[in-house]
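Residue numbers (the numbering used here), protein chains in the order written: chain D, 1 to 435; chain S, 436 to 870. For glycine and all other residues, C-beta sits at the position ideal for the given N, C-alpha and C. Data block below; observations after.
Protein chains: 2
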Amino acid sequence: MRVEVVAVGTELLLGQIVDSNSSWIGEQLALAGLDSYFQTKVGDNLTRIAEVIELALSRSDAVICTGGLGPTQDDLTREAIARVMGVELEESEEAAERIIAMFGGRGRRMSMNNLRQAMKPVGAEFIPEQPGTAPGLICPLERPDPLTGEAVPKVIYAVPGVPWEMQEMVSGTVLADLQRRAGITSSIASRTLRTWGESESGLAEMLAGRMDELDRLADSGAPAATIAFLASGGEGLKVRLTAKAATAEGVADILAAEEQVVRGLLGGLVFGVDDDTMESVVLDLLRERGMTLGVAESLTGGMVGSRLCDVPGASDVFRGSVVSYASDVKFELLGVPEGPVVTEDAARAMALGARRVLRTDVGIAVTGVAGPERQEDRPAGTVCLAVAIGEPGSAGQGECLLDSIEVRLPGRRRQVREFSVISLLGLLRRHLLEI
Amino acid sequence: MRVEVVAVGTELLLGQIVDSNSSWIGEQLALAGLDSYFQTKVGDNLTRIAEVIELALSRSDAVICTGGLGPTQDDLTREAIARVMGVELEESEEAAERIIAMFGGRGRRMSMNNLRQAMKPVGAEFIPEQPGTAPGLICPLERPDPLTGEAVPKVIYAVPGVPWEMQEMVSGTVLADLQRRAGITSSIASRTLRTWGESESGLAEMLAGRMDELDRLADSGAPAATIAFLASGGEGLKVRLTAKAATAEGVADILAAEEQVVRGLLGGLVFGVDDDTMESVVLDLLRERGMTLGVAESLTGGMVGSRLCDVPGASDVFRGSVVSYASDVKFELLGVPEGPVVTEDAARAMALGARRVLRTDVGIAVTGVAGPERQEDRPAGTVCLAVAIGEPGSAGQGECLLDSIEVRLPGRRRQVREFSVISLLGLLRRHLLEI
Chain D
1 MRVEVVAVGT ELLLGQIVDS NSSWIGEQLA LAGLDSYFQT KVGDNLTRIA
51 EVIELALSRS DAVICTGGLG PTQDDLTREA IARVMGVELE ESEEAAERII
101 AMFGGRGRRM SMNNLRQAMK PVGAEFIPEQ PGTAPGLICP LERPDPLTGE
151 AVPKVIYAVP GVPWEMQEMV SGTVLADLQR RAGITSSIAS RTLRTWGESE
201 SGLAEMLAGR MDELDRLADS GAPAATIAFL ASGGEGLKVR LTAKAATAEG
251 VADILAAEEQ VVRGLLGGLV FGVDDDTMES VVLDLLRERG MTLGVAESLT
301 GGMVGSRLCD VPGASDVFRG SVVSYASDVK FELLGVPEGP VVTEDAARAM
351 ALGARRVLRT DVGIAVTGVA GPERQEDRPA GTVCLAVAIG EPGSAGQGEC
401 LLDSIEVRLP GRRRQVREFS VISLLGLLRR HLLEI
Chain S
436 MRVEVVAVGT ELLLGQIVDS NSSWIGEQLA LAGLDSYFQT KVGDNLTRIA
486 EVIELALSRS DAVICTGGLG PTQDDLTREA IARVMGVELE ESEEAAERII
536 AMFGGRGRRM SMNNLRQAMK PVGAEFIPEQ PGTAPGLICP LERPDPLTGE
586 AVPKVIYAVP GVPWEMQEMV SGTVLADLQR RAGITSSIAS RTLRTWGESE
636 SGLAEMLAGR MDELDRLADS GAPAATIAFL ASGGEGLKVR LTAKAATAEG
686 VADILAAEEQ VVRGLLGGLV FGVDDDTMES VVLDLLRERG MTLGVAESLT
736 GGMVGSRLCD VPGASDVFRG SVVSYASDVK FELLGVPEGP VVTEDAARAM
786 ALGARRVLRT DVGIAVTGVA GPERQEDRPA GTVCLAVAIG EPGSAGQGEC
836 LLDSIEVRLP GRRRQVREFS VISLLGLLRR HLLEI
C-alpha cells in the first residue's frame, strides 16, 4: 500500500516554518510497513491543494494531508478534499457544539470563523482524537484503476499542522486505519540501540556477520529482525532493529532476542535504547549510585548543564555547572593552576574544582578549542575531558578517582561543541559502569 | 516565473533527515521575487525522480533539484535529469581532473565511484561554485507550450544536499541566473528588523497606519516597501521590510527610509537588524562600554552562557556563568539568602553573586519555574530576572545599579526556558541603552 504526504501551508513554501511533520509521518509509515514514495508541500490555494491531492491519489492508495485545518479563510484543506471527493461540505452539529463548549470553558472569545472547523465533506468522518480545536478527517473515496477501469477504494486523511495534534491523530487512528485497509494483519515494530564511541563503518564491520546471518534467515522464511544505521551527529549513532511477526508478542520476542545478540557484539558501545539520551543515562547511573554531579565547562559555554536540565527530574542529581569561559575564571573560581588551559591537566583541575566548588560527589570538565581559530597553538577540535569521581555522599570532600583524555573532534564550531558534550558524558558513563 | 524545488533522497522520505533545504530555497526565491507553488520530496529511484522533475516542468518554468549528486550508485539526480532532457551523460575531463586533484591534495583514497561526479548531461553546464566534491549543474531544455505547442525554454538546476554547499551555489549562481531568465531587471531586497517585547498583534496595531499608507503608495505606483511579520519564538518577532526598484541603490534607499519610519513607530522594541541576535547585540553594547559580563542561571541550566558563546568574539566580554540548579548552590556559591528561590529578591542576589564571584562589571540572573510542575507554589512559566550593573572596570567591586522583574512566560518547558534567555538579555539591553 502506497501512502503520500501532502503538507499544506504557504508559510512552508516561504521557508518561514520548516516542514518537520512530513518527516515524522514518513518515519511512522516506514515503521508501520507502509510505502511512501512522494511528499509534497503546497501553499494555501484551493485549486493547487486539490490538484496535488488528485495527483497523489493517481499514484498512491492513500493521502495524509497535514495543515490547513484552522479556522481562517486561508485554511482550505477541508474545501480541497470536498472538491476532490466531488461533494459538499456539511456542518456537524456535534462538532459545532464541541467547539462552542471549548471556547466557553476557556473563557475565550469565539468568532463565527471558528465554526468552519465543524465542517466536513459529506461522507467523511472525524478522527476520534482531538487534542486541539481542529478536528481531523477520514475521507473515503473511489478512483478507477488505470488499467481495468474498476473502482478502487482510496482514502484521504486530514490532520492539523500543529505537530503534537498531528502526532496524536496519526499514532492514535491513521496508522492503524491504514494498516487495516492495507490488510496488514501482521505486527511490526522497531527498537533503537543508541551507541557512542565508534564510527558508522566501524559498527557496520562489527555487525556485518550478523547482518549476513539475518539475510540468510529471512531468505529461508525464518523470523528475523533487520538492522539499519542512522547517524545522529552529537546524539551518537543509532542502530535500529525492526521485526515483523503475526502478533505483537512475536515481534517483541524477536526484538528482545536480537537486542541481546547485538549488545553482545557491540558491548559497552550501546549506551541506551529508544528515547534514552546520554544525559538521561548518565543521570540514571548517578541516581542509582546515590551520587551528585557538578560540571565545569569552557568551550561548551553551558551546553552540558543545559542538556542535563532537559531531562525531567535532573535536579536530584545535577547541582550545577561553572561555565568558566575566561581563563581567569578557571584560575580563580576553579583553582586551575595558571598556564595553558587546553590541556588534560587543566581539565583535571577543572573537574576537581567543579566537585569542590559545587560540593558534589562527581565533577566533570571540558576545555578545548571550538574553532575556527587555533588557541594556545592547538587546532580547532582539540578537546580535553576529565572526570573526578568521589564516594557517594562525599560532597566535594576526600579522595577521588581522577581520569582525563584528549580527543580531536571533527566538524565546525557547533559540531565540535556538540560532540564535546556527548564525549564528556560518555567518558563519565564508562567510569560509572565500573563502580 | 515559477520555480519548483525537488528534494531528492530516501532518507528525507523516511524522516531520518528533515528537509530544511527546500525551506531555505523557498525563502530565497520569495526574496528574489520568484514564485514557488510546489515543493516535492522523492526517494533515490531513477524513474520516480525523473517523473517528479517532468511533472514540475509541466507546471513551472524552472526546477531546482537538491540532493542525489554524491558519488554512490544511490545518487541518481544526474541520470534522472539526463533522462528528462533526452540526452546521455558525458564525462567532463576538467571536472574529473579537479576531483582527482582534490583527493590527491587531501591524501584520501579515491574510488572509481568518485568519478561519477565528473559526469554531466550533454548540453548541461557546471555551476562555477564548488565548495565540496559535488559539482552543481545548470541544464537548459525546452518543453512545448500546452496551448500553442511552441517550444518554451525551461531550466533544471542540480545542487548538492549538503546545506552549505547548496547555499553557496544557490546564492552565487542559481538565483541570479533565474532572475536573468525571468527578465527581472529590477532589484529586490529585504531587511529584517528584530523586535522583542510586543506581541504580533501589538506590532500589527502599531504599524497598521503605516501599512495602509504603503498600500496606497503602491497602488498609486509610487516606490513603497512592504511589511511582513514573522514570529520566531525565542528569537523574538521579525518585521521584514521588502522593496523593489530599478537599481540596487534605489532599493537600498527605500529600505533605509522605511527602516527609519518603522523604527520611529516601534522605538526601543527594535533590538537589531538581519543577522543580529539579542546575544550579539548585548555583547556589542557591553563591548562599546568596556564592560564584562557574568551570568547566574537556574532554570535555563546553561542556555544563557551557551547562547552567548555562540557569538564569535564573545570571550572579550563574557567571562562565565554559574549554573546554580540546586538551591544550595545558589545559597553557598552565589550568596543568595536561604529561603524561596523563585522571587525577585533571589534573582537580585544571584545577579550580585554572579558579578562578585565571576568578578565582572555586570551580573545578570534568571530563576523560575520551567514546568510542567509548580515549584514553591508558583505556576510553570513564572520567571524572575535581575541585572546588576556596575562601573566599567569595577570587576565585581563597588556600587551597582540593581533591577529586577517577574514575568509569566507562555508555552511548555522548552519554550519557557528559551523565552527566559531572550527576556533576560532584553532586560539587560534596555538598561545598557540608558548608560
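At least one CB atom of chain D sits nearer than 8 Å to the CB of S/Leu-448. Chain-order list of chain S residues neighbouring D/Leu-230: Gln-451, by C-beta distance under 8 Å. Residue pairing by DSSP leaves D/Gln-397 without any beta bridge partner.
Taking a beta-carbon distance threshold of 8 Å, D/Lys-41 counts as an interface residue toward chain S. By DSSP's assignment, D/Tyr-325 forms no beta bridge with any residue. If you check each beta-carbon in the segment 338-362 of chain D against every beta-carbon of chain S, the ones closer than 8 Å belong to Val-357, Leu-358 and Arg-359.
Neighbourhood of S/Ala-761 in chain D, by CB distance below 7 Å: Ser-315, Arg-319 and Gly-320, in chain order. Beta-bridge partners of S/Ala-497 (DSSP): S/Val-438 and S/Val-590. Identification of chain D residues near S/Ala-465 by a Cβ-Cβ cut-off of 7 Å yields Leu-14, ordered along the chain.
If you draw a straight line from the Cα of D/Ser-171 to the Cα of D/Val-159, it is about 11 Å long.
Using a 10 angstroms sphere on the CB of D/Leu-385, the tally of other CB atoms reaches 16 or more, which defines it as buried.
Shown here for D/Ala-124: same chain residues with a beta carbon closer than 7 Å to its own, the five before and five after excluded, namely Leu-137, Ile-138 and Cys-139 in chain order. Taking the C-beta atoms as reference points, D/Arg-319 is found no nearer than 8 Å to D/Gly-290. DSSP lists D/Arg-378 as the beta-bridge partner residues of D/Gln-375.
Nearest to S/Leu-721 by C-alpha distance, out of S/Pro-772, S/Gly-828 and S/Ile-591, is S/Gly-828. Its Cα nearest to that of S/Ile-534, the residue S/Asn-549 stands out among S/Ala-749, S/Asn-549, S/Met-520 and S/Ala-805.
When secondary structure is reduced to three states using DSSP, S/Gln-850 falls in the helix class. Residue contact check for S/Ser-606 against chain D: no CB pair falls below 8 Å.
Taking 8 Å as the upper bound for CB-CB distance, D/Ile-364 and D/Val-387 are in contact here, some 5 Å apart. Residues of chain S with a Cβ closer than 8 Å to the Cβ of D/Tyr-37 are, in chain order, Leu-448, Val-477, Gly-478, Asn-480 and Arg-483. Collapsing the DSSP output to three states places S/Met-520 in a helix. With a threshold of 8 Å between beta carbons, S/Thr-661 makes no contact with chain D.
Nearest to D/Ile-422 by C-alpha distance, out of D/Gln-39, D/Thr-77 and D/Gly-234, is D/Gly-234.
Under the Cβ criterion (8 Å, minimum of three pairs), the segment 48-59 of chain D counts as touching the segment 77-92 of chain D. Exclusion of the five residues before and after S/Leu-860 leaves Met-713, Glu-714 and Val-717 as the residues of its chain whose Cβ lies within less than 7 Å of its Cβ. In summary, S/Ile-488 is buried, with 16 or more beta-carbon neighbours lying within 10 Å of its beta-carbon over all protein chains present.
In this structure S/Ala-497 is in contact with S/Val-438, their Cβ atoms being roughly 5 Å apart against a cut-off of 8 Å. DSSP places S/Pro-570 in the coil class of the three-state scheme, outside both helix and strand.
The beta carbon of D/Glu-150 lies closer than 8 Å to those of Pro-144 in the same chain, with the five residues before and after it left out.
In the structure shown, the three-state DSSP call for S/Pro-598 is helix. In the same chain as S/Arg-626, and ignoring 5 residues on each side of it, the C-beta atoms closer than 7 Å to its own belong to Leu-676, Leu-690, Glu-694, Val-708 and Asp-709, in chain order.
Annotation: Cβ neighbours of S/Gly-736 in chain D (cutoff 7 Å, chain order): Gly-305, Ser-306, Leu-308 and Cys-309.
Listed along chain S, the residues sitting closer than 8 Å to D/Val-52 by beta-carbon distance are Phe-473. Taking S/Asp-470 as the centre and dropping the five residues before and after it, the same chain places the C-beta of Arg-437 closer than 6 Å to its C-beta, in chain order. Between S/Arg-852 and S/Leu-734 a beta carbon distance of about 6 Å is seen, short of the 8 Å cut, so the two are scored as contacting. Within the segment 248-276 of chain D, the complete beta strand (DSSP E) runs of at least 3 residues fall at 270-273.
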